[in-house]
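> Note that our numbering has the sequence shown beginning at 680, numbered continuously upward.
We put the beta carbon where it would ideally sit given N, CA and C, even for glycine.
So that we are looking at the same thing, I have put the structure below in structure tokens.
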Amino acid sequence: MEISLKGQVALVTGASSGIGRAVAEAMAAAGAKVAVNYHSQPEEAEKVVAGVESAGGEAIAVEADVSEPRDVEAMFATVAQKYGAIDVVVANAGMQKDAAVAEMTLDDWRKVIDVNLTGQFLCAQAAIRQFRAQGQRPASKALGKLICMSSVHEVIPWAGHVNYAASKGGIASMMKTLAQEVAEDGIRVNGIAPGAIRTAINAEETEGEAAKALLKLIPYGRIGVAEDVANAAVWLASDLADYVVGATLFVDGGMTLYPEFRGNG
Ligand code: NAD
């Protein structure tokens, strides 16, 4: 059995670093043409494109702030024009602006909700419109596939990160609602909820002494790497997951298994 995305086009947001970058690279390795969205790091996005091309694949870098409707519209138009269609959208771009609730500014609340939740809504809306407009394509059983990058914090409360946790809880509910709404079109909407994955977003918490404390929360005994999430995304996007609709795949080494109960609670 082979996982293949040959003949398909994947757009990955926030793909100039971390999980998004690994997802773009893994989708390209599975045969997809890949659009590498970036916001603030054009050189890094070009490195991803160069890496895909040197491995024999096809990719383009596309700038967009996912919280800006016009940027999102232009990004989808650019990719559809370049490759003729879009089969897979991974709404991955996200950010943290952490603060204790009493000190959190309204700007920091709004910024995180705008990028993490509204950004995914805008990309989902554009993806669904694009899938419907282009119609059934030969390389995929589904009309289109949307993957929403959530977090274990869609279910685990996270003191000091109320904006981030609220955005991910919103993504969970949005993902299921969209899945229910568009499944009859043949569009599969699913989510991935990563646990602790070592990337720029959490560099401080995943190194040194902080990493030791973190490991207590991970039954499987290691901090994740971006490829752990990328492999799940490739499977979810592929026809091997064709009957998977409205599901959140937790890629977390068991973090959501209440690890503190291992010692009898
Ligand atoms: P990261 O900081 O490397 O990646 C985030 C990406 O989003 C960056 O490339 C950044 O440029 C991009 N981005 C930020 N604002 C943007 C905007 N307005 N428009 C377009 N792009 C924008 O961190 P990461 O860990 O790779 O995070 C990727 C996703 O995974 C996020 O949604 C994050 O919440 C989620 N996640 C990460 C972890 C983890 O442990 N690393 C765990 C759970 C969920």
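Tell me, please, whether the CB atom of P817 is closer than 8 Å to any CB atom in chain C?
In summary, chain C is missing from the structure at hand, where a single protein chain is found.
> Counting only the same chain and skipping the five closest in sequence on each side, list residues whose C-beta sits under 8 Å from that of R941.
Along the sequence shown, one-based indexing puts residue 941 at 262. So the qualifying residues of the chain are P898.
> Under the three-state reduction of DSSP, which class applies to Y899: helix, strand or coil?
Looking up residue 899 in the sequence shown gives position 220. Y899: coil per DSSP, three-state reduction.
> Which ranges would you report for the alpha helix (DSSP H) in the stretch 796-831 if only whole runs of at least 4 residues count?
Counting whole runs of 4 or more residues, the stretch 796-831 contains the alpha helix (DSSP H) stretches 798-813.
> Going by DSSP, which residues form a beta bridge with F929?
Taking the first residue of the sequence shown as 1, we reach residue 929 at position 250. Answer is A872, bridged to F929.
> How about N842: is its Cβ closer than 7 Å to a heavy atom in the ligand NAD?
By one-based count along the sequence shown, residue 842 stands at place 163. False, no ligand heavy atom lies under 7 Å from that Cβ.
> Helix, strand or coil: how does DSSP classify R749 here?
Locating residue 749 in the sequence shown gives position 70, counting from the first residue. If DSSP states are grouped into helix, strand and coil, R749 belongs with the helices.
> With distances taken from CA atoms, which of G900, A905, V861 and N869 is nearest A882?
On the sequence shown, residue 882 is found 203 positions in, with the first residue counted as 1. The shortest C-alpha separation from A882 is found at A905.
> On the DSSP letters alone, give me the boundaries of the beta strand (DSSP E) that N716 sits inside.
For the purposes of this step, residue 716 is taken as the residue at position 37 of the sequence shown. Unbroken beta strand (DSSP E) run through N716: K712 to Y717.
> When you compare only the Cα positions, how much space is there between R816 and M706?
Taking the sequence shown and counting its residues from 1, one reaches residue 816 at position 137. Taking the sequence shown and counting its residues from 1, one reaches residue 706 at position 27. Distance between the alpha carbons of R816 and M706 is about 18 Å.
> For Q799, which of G933, K820, L857 and A764 has the nearest alpha-carbon?
Against the sequence shown, residue 799 aligns to sequence position 120. The option with the nearest alpha carbon to Q799 is L857.
> Give every residue of the same chain whose Cβ lies closer than 6 Å to the Cβ of V780, excluding the five residues on either side of it in the sequence, and list them in chain order.
As a position in the sequence shown, residue 780 is number 101, starting the count at 1. If we look at V780 and ignore the five residues flanking it on each side, its Cβ neighbours are V841.
> Are the beta-carbon atoms of A711 and V769 separated by less than 8 Å?
Within the sequence shown, residue 711 is the residue found at index 32, counting from 1. Within the sequence shown, residue 769 is the residue found at index 90, counting from 1. Cβ atoms of A711 and V769: not closer than 8 Å.
> The beta strand (DSSP E) with A770 in it runs from where to where?
Here residue 770 refers to the residue found at position 91 of the sequence shown. Unbroken beta strand (DSSP E) run through A770: V767 to A770.
> Spatial neighbours of A912 within its chain, please: C-beta separation below 8 Å, excluding the five flanking residues on both sides.
Reading the sequence shown from its first residue, position 233 is the one you call residue 912. Excluding residues within five positions, the ones whose Cβ falls inside 8 Å are V702, A705, M706, V769, I826 and I871.
> Using 8 Å as the Cβ pair cut-off and three pairs as the minimum, do the stretch 781-788 and the stretch 726-742 touch?
These segments do not touch.
> Closest to G693 by C-alpha separation, out of Q804, Q720, R901 and G814, would be which residue?
For this step, residue 693 is matched to residue 14 along the sequence shown. Checking every option, the nearest Cα to that of G693 belongs to Q720.
> Quick one, which of I682, D907 and G697 has its alpha-carbon nearest V727's?
Within the sequence shown, the letter at position 48 stands for residue 727. Closest option to V727, Cα to Cα, is G697.
> Put I835 into one of helix, strand or coil per three-state DSSP.
Here residue 835 refers to the residue found at position 156 of the sequence shown. In the structure shown, I835 sits in coil (DSSP, three-state: anything other than H, G, I, E or B).
> State the DSSP-derived secondary structure class of V758, mapped to helix, strand or coil.
Counting from one through the sequence shown, the residue named residue 758 turns up at place 79. Here V758 sits in helix by DSSP.
> Check whether the Cβ of Y899 sits closer than 7 Å to any heavy atom of the ligand NAD, and report yes or no.
If you number the sequence shown from 1, residue 899 lands on position 220. Y899: no, Cβ never under 7 Å from the ligand NAD.
> Are the CB atoms of M828 and G773 nearer to each other than 8 Å?
The sequence position of residue 828 within the sequence shown is 149, counting from 1. The sequence position of residue 773 within the sequence shown is 94, counting from 1. For M828 and G773, yes; Cβs fall inside 8 Å.
> Cutting at 6 Å between CB atoms, please list the residues of its own chain near A724, excluding the five before and the five after it.
Against the sequence shown, residue 724 aligns to sequence position 45. Answer for A724: S695, V715, Y717 and A740, listed in chain order.
> I'd like to confirm something about S852: is its beta-carbon nearer than 7 Å to some heavy atom of the ligand NAD, or not?
Indexing the sequence shown from 1 puts residue 852 at position 173. Answer for S852: no, Cβ out of range of the ligand NAD.
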